[in-house]
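Notes follow once the structure below has been shown.
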Amino acid sequence: MSTILQISDPHFGTERPEVVDALTRLGQQLKPELVVLSGDITQRARADQFSAARAAMDRLGAPLLALPGNHDIALFDLWSRFMRPYARYSAAFGPDLAPVFASGELLVIGVNTTRARRHKDGEVSSEQIDAVARQLRQATPEQLRVVVVHQPIDVMRAEDLPNRLHNHTAAQQAWAAAGADIVMGGHIHLPYVMPLPGLERPVWAVQAGTSVSSRVRSGVPNSVNVVRWTPVAGCVAEQWDFSAAASAFVCVASTPITPQRG
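Each residue of the sequence shown is one higher than the one before, counting from 731 in my numbering.
The structure is reproduced here in structure tokens:
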């Protein structure tokens, strides 16, 4: 079995230490094949916030696929924002803004959906859509095919429609046709798993809440996702919420996903 631990929107600089400690224990317990860090790693793109985030990810003891979010580009330092928007991110997490992880059972493709010219919204270009589709078409039947973005590929609530990724329809259609199974995202601090509508083959949006930040949505605790996959048994996406009573992350929901093959 292959296991992915998805962590999103930790917003280091607003992290809750007890939740960070619980996340460390969860990572050591799960021993995932891959940790996906799907953006908004920091609150204000400061070097010390990136350093704290990097140290926390290193304590998980697993390979890491990370992407920047809109908060990981300087907001008030306009020279940095437009001249070197990813310099501090790259110093902590490396210069690759389109990382890929491949194993016998996983193909995970990262897409940078942030833009220095956009304060909050995310975008995927036609060139990015095509590049991801080419990579997806190289996958084997045994591999779970996962695309990672920051802003959501689709939403469940009308209030979140403005946060949906620009060019999301074209991306959904192209990636479904190329064989994607899951599109992971974050940004809106709301965890859910939903099938994307109107596609020629099934693709699921797997959205993560905020993992360790105090910036939670009303009624939504800190949470992370765990995706488990075997080519024989199939796939399940689990939501793990932080429980203050247990001082630990606990599994609160499990959604079966049936990737289409052939």
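Think of the CB as a built atom: it goes at the ideal place given N, C-alpha and C, for glycine as much as any other residue.
Who are the near neighbours of residue i in its chain, counting only those whose CB is closer than 6 Å to its CB and skipping five residues on each side?
i, result
"L986", "Per the sequence presented here, residue 986 reads as Pro, with Leu not at that position. Excluding sequence neighbours, P986 sits near V966."
"G799", "G769, D770 and H880"
"S973", "V980"
"A904", "I859 and A863"
"P951", "D971 and F972"
"P961", "E872"
"Q865", "I839"
Which residues bound the beta strand (DSSP E) around residue i?
i, result
"A935", "W934 to Q937"
"G840", "L836 to G840"
"I707", "The structure shown does not extend to residue 707, since the chain is modelled only from 731 to 992, so the question has no answer here."
"Q969", "G964 to S973"
"F979", "A978 to I987"
"A796", "L794 to L797"
"Q736", "S732 to I737"
"S768", "L764 to S768"
"R958", "S953 to T960"
"F831", "V830 to A832"
"L874", "L874 to V878"
Given a cut-off of 8 Å on the beta-carbon distance, is the pair residue i and residue j in contact?
i, j, result
"G964", "T988", "yes"
"F742", "Q779", "yes"
"A777", "R818", "yes"
"V877", "V913", "yes"
"P925", "W934", "yes"
"S944", "R746", "yes"
"N955", "P921", "yes"
"L790", "G757", "yes"
"L929", "A906", "yes"
"A938", "Q759", "no"
"T772", "H801", "yes"
"A822", "A786", "no"
"V946", "H919", "yes"
"P892", "A846", "no"
"E968", "S953", "no"
Can you name, in chain order, every residue of its own chain whose Cβ lies under 7 Å from the Cβ of residue i, other than the five neighbours on each side?
i, result
"L764", "I734, A792, P793, L795, F831, L836 and V838"
"E748", "S977"
"V841", "A828, V854, Q858, V862, V877, V878 and V879"
"A869", "L837, R875 and G909"
"A752", "F972, S977, A978 and F979"
"G834", "E872"
Rounded to the nearest angstrom, how far is the Cβ of residue i from that of residue j, given a contact under 8 Å?
i, j, result
"S738", "G916", "3 Å"
"Q990", "R931", "5 Å"
"P740", "V942", "5 Å"
Terminal residues of the continuous alpha helix (DSSP H) containing residue i?
i, result
"D788", "A777 to D788"
"R864", "S856 to L866"
"S820", "A817 to F823"
"H896", "It is not in any alpha helix (DSSP H) - H896 carries neither H nor E in the DSSP assignment."
"P747", "P747 to L760"
CB of residue i to nearest heavy atom of the ligand ATP: below 7 Å?
i, result
"W905", "Ligands displayed in this structure: none; no statement on the ligand ATP is therefore possible."
Keeping to the same chain, check which residues put their C-beta closer than 8 Å to that of residue i; ignore five residues upstream and five downstream.
i, result
"R867", "A908 and G909"
"T754", "A786, R789 and L790"
"M886", "L920, Y922 and M924"
Does chain B have any CB closer than 8 Å to the CB of residue i?
i, result
"M787", "No chain B is present in this structure, which holds just one protein chain."
**Request:** For the segment 875-889 and the segment 845-855, state whether three or more C-beta atom pairs, one from each stretch, are separated by less than 8 Å.
**Result:** Short answer: they touch.
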